[in-house]
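*Asks:* Mind looking over this structure? Questions follow.
There are 2 protein chains.
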Amino acid sequence: MADSSSSRVVTAAILVIGDEILSGRTKDKNIGYIAEYLTNIGIDLREVRVVPDVEGEIVAALNALRSRYDHVFTTGGIGPTHDDITADSVARAFGVPIDVDPRAVALLLERIPKDQLNEARLRMARIPEGAALIENSVSKAPGFSIGNVHVMAGVPSIMQAMLDALAPRLATGKKMLSRSLAAGLKEGDIASALGAIQADFPDVSMGSYPSFDPATGFTTTLVLRSREESRLVAAEAAVAAMLAEVKARLGAG
Amino acid sequence: MADSSSSRVVTAAILVIGDEILSGRTKDKNIGYIAEYLTNIGIDLREVRVVPDVEGEIVAALNALRSRYDHVFTTGGIGPTHDDITADSVARAFGVPIDVDPRAVALLLERIPKDQLNEARLRMARIPEGAALIENSVSKAPGFSIGNVHVMAGVPSIMQAMLDALAPRLATGKKMLSRSLAAGLKEGDIASALGAIQADFPDVSMGSYPSFDPATGFTTTLVLRSREESRLVAAEAAVAAMLAEVKARLGAG
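What follows is the structure, encoded as C-alpha cells:
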C-alpha cells in the first residue's frame, strides 16, 4: 500500500449506484466485500449510500461524500446501456469534460473485435478528463479514479478484480485490529459490566452483536477494535474476566 | 395497507445503523429484504444509507432522510448495550424527550422474569415521547414509529417480524409492476436498440443488468418497470421483438 506505515486514520465511503438494488431485484454483494477488504488494508469505511440511476442524485451524493472522506468507491452504472450514467455523473460532479478515451478504447479492443466496437460499447470508454484508469482483468472495460473517487463495475467478480488492481495505489492508514469473543451469554446479562469496561478503555471500541436462534434463543458476540495491539490484549483480558465472573454468578444463582 | 388504492407514489429510505456493517464483520441482510418487501407493498425505496454507532451521524442522516421521503426505516442499535444508541438518537433528531415506557416494560415482562429485568434490559424499553410501538413477536422488545420514522431491530429474523407487524399501518401507493426478460445477448449488442425503445416508452423504466460467468461470458437481464400494466405489456412486446431481431441479425452475420 502506498502509505501503509502511516499512523494517520484513512477514511472511505461507498456509493452504490443502481435502481436494481433499491427495487430489491438484485441483492447487493459489493458493500460487505469492499467493507471487509478496506478494513484489511487499513482504510476505515465510515458511510455507505445507495442511490438510483438518476444523475442529480449521483452528483449530490458524490459531492457530499468526496468532500468528507479520503476515498469514495462507487459501484455500478459503467456499462454500455442508456441506464449506465455513472461516468457522466462523475464528470459533472467534478466539473470536467468527458469523452471517449483512446486508452480505454485500446483496452476494449483487446477483447472486442473492431467491427463489434459499436457506439454503445464505446460508451464504456467514456472517461472524465484527468482520470487514471483502473484495470479490469476480467472483461477489459476499465474503471477509473479521479481525485479521491474510484469508479468500479457493479458485477461482483469484475468489481473485485478492479479493487485488486486499485488497492496498491491507495493511501492507507494504520490497520484497525480486532478480537471477536463468543460471549455465551445474553446481551442483557453482560451489558452493564461491558459498559463499565468500555468506559475504562475509551480507545478500544467494544461492539456487542446479538444473534437469535429460535431453538436456543439469544447469544452474543463481542467485537473489540483498536489500532494498538497492547490495548486490545488488555481489553480482551478484562472482557474475558468479566464473562467468566458473570457466568459463575449466573451458574451459582 | 392503509392507502393501497392510492395512485400517489409513496417513497422511502433505509438507514442501517451499525459499526459491524461498516467494518465488514457482519454482512447486511436487511437492505435487500426490506427493498423487495417495500416494492411488493407499493412503496418506492429511493435511498439507503449505512452509518456508524455515532449519535451525530445518526441524527444528521435521519433528519436528511425523513424530510425527503415518506417513510424512513432504520435497522440496528436498539439492544441493551452501551453501543445501542438508536432510540436516543431518534429522540434527539425529533427534539422530544425519551424515557422508559411502561408499555414497552409490559412487553419485556412477557418474556423476561422480573428479577432479570435489570437496568441494561430496561434500556430496551426507552421509547421517544409520542412514538407508537412496533410489535416484536420473536423476542418481545419492541421497535417504534415516530412521525415517518420506523425503528426496527438489526437481527434479521426480528426485523422481519417487526416489518410484518408494521406494514398494515403504512401509507402505501400504487404498486410498481415489473417484467424480467433474459436477453440471451450481451449488453453491447442490444444497447442502442434498447435505448431507442426506452425513448419511446418514457413512462416505463428499462434497466439492463449484465452478469458474468467465466465459462460462458456475459449475458444480460432486462427489467421493465411501470405502474401501468398496459404500458408494461406494450413495452415488453417491443423489447421481445427487438431481441428476436438482434438474434436473427447476429445469427445471420
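Quick mapping for you: the protein sequence lines, in order, are chains V and U.
Per this note's numbering, the first sequence starts with residue -14, numbered consecutively.
Per this note's numbering, the second sequence starts with residue -14, numbered consecutively.
Backbone N, C-alpha and C define an ideal beta-carbon position, used for all residues, glycine too.
Given the structure is predicted, the values throughout are model-derived calculations rather than measurements.
To the nearest angstrom, how far is the alpha carbon of residue 201 (chain V) from that of residue 166 (chain V)?
*Replies:* 18 Å
*Asks:* Which residues in chain V sit within 7 Å of residue 37 (chain U), going by Cβ to Cβ distance?
*Replies:* 31
*Asks:* Can you find a C-beta in chain V that's less than 8 Å from the C-beta of residue 122 (chain U)?
*Replies:* At a cut-off of 8 Å between C-beta atoms, residue 122 (chain U) does not count as an interface residue with respect to chain V.
*Asks:* Are three or more beta carbon pairs between the stretch -6 to 11 of chain V and the stretch 140 to 150 of chain V nearer than 8 Å?
*Replies:* A contact is defined here as three or more CB-CB pairs under 8 Å, and the stretch -6 to 11 of chain V fails this definition with respect to the stretch 140 to 150 of chain V.
*Asks:* Helix, strand or coil, according to DSSP, for residue -13 (chain V) in the structure here?
*Replies:* Any reading at residue -13 (chain V) is ruled out, since the residue's pLDDT is 48, under 50, leaving its predicted position unreliable.
*Asks:* Got a sec, what are the start and stop residues for the beta strand (DSSP E) residue 143 (chain U) sits in?
*Replies:* No beta strand (DSSP E) holds residue 143 (chain U); the alpha helix (DSSP H) holding it covers 141 to 151.
*Asks:* Compute the Euclidean distance between the alpha carbons of residue 231 (chain V) and residue 43 (chain V), then round it to the nearest angstrom.
*Replies:* 50 Å
*Asks:* Applying a beta-carbon distance threshold of less than 8 Å, which residues of chain U neighbour residue 20 (chain V)?
*Replies:* 6, 7, 8, 9
*Asks:* List, in chain order, every chain U residue whose beta-carbon is nearer than 8 Å to that of residue 106 (chain V).
*Replies:* 173, 176, listed in chain order.
*Asks:* What residues in the stretch 123 to 149 of chain V have a beta carbon less than 7 Å from any beta carbon of chain U?
*Replies:* Taking 7 Å as the Cβ-Cβ cut-off against chain U, the residues of the stretch 123 to 149 of chain V that qualify are 123, 124, 140, 142, 143.
*Asks:* Residue 196 (chain U) touches chain V at which residues, Cβ-Cβ below 7 Å?
*Replies:* 140
*Asks:* Which residues in the same chain have their Cβ closer than 8 Å to the Cβ of residue 90 (chain U), if we skip the five residues on either side of it in sequence?
*Replies:* 102, 107, 110
*Asks:* With a threshold of 16 other CB atoms inside 10 Å of the CB of residue 215 (chain U), please say whether the residue is buried or exposed.
*Replies:* exposed
*Asks:* Let me know the secondary structure DSSP gives residue 155 (chain U) once reduced to three states.
*Replies:* coil
*Asks:* Is there a Cβ from chain U that is less than 8 Å from the Cβ of residue -13 (chain V)?
*Replies:* Unreliable placement is indicated for residue -13 (chain V), whose pLDDT of 48 sits below 50; the coordinate value is still reported in the next sentence. No, its Cβ sits nowhere closer than 8 Å to a Cβ of chain U.
*Asks:* Mark residue 37 (chain V) as exposed unless 16 or more other C-beta atoms lie within 10 angstroms of its C-beta, in which case mark it buried.
*Replies:* buried
*Asks:* Taking only beta-carbon atoms, is residue 240 (chain U) less than 8 Å away from chain V?
*Replies:* What is shown of chain U runs -14 to 238, which leaves residue 240 (chain U) out entirely.
*Asks:* Would the stretch 114 to 123 of chain V and the stretch 148 to 163 of chain V be scored as touching if the rule is three or more Cβ pairs under 8 Å?
*Replies:* yes
*Asks:* Opposite residue 84 (chain V) in the DSSP bridges: which residues?
*Replies:* In the DSSP assignment, residue 84 (chain V) forms a beta bridge with V:112.
*Asks:* Are the CB atoms of residue 136 (chain U) and residue 66 (chain U) within a distance shorter than 8 Å?
*Replies:* no
*Asks:* For residue 32 (chain U), collect the residues of the same chain with a Cβ closer than 6 Å to its Cβ; drop the 5 residues on either side in sequence, then sort them by chain order.
*Replies:* Excluding five sequence positions before and after residue 32 (chain U), the CB atoms of its chain that fall closer than 6 Å to its own CB belong to -2, given in chain order.
*Asks:* Can you list, in chain order, the residues of its chain whose CB lies under 8 Å from that of residue 82 (chain U), leaving out five sequence neighbours each side?
*Replies:* 76, 113, 114
*Asks:* Going by C-alpha distance, which of U:140, U:79, U:94 is nearest residue 3 (chain U)?
*Replies:* U:140
*Asks:* Compare the C-beta of residue 179 (chain U) against all C-beta atoms of chain V and say whether one is closer than 8 Å.
*Replies:* yes
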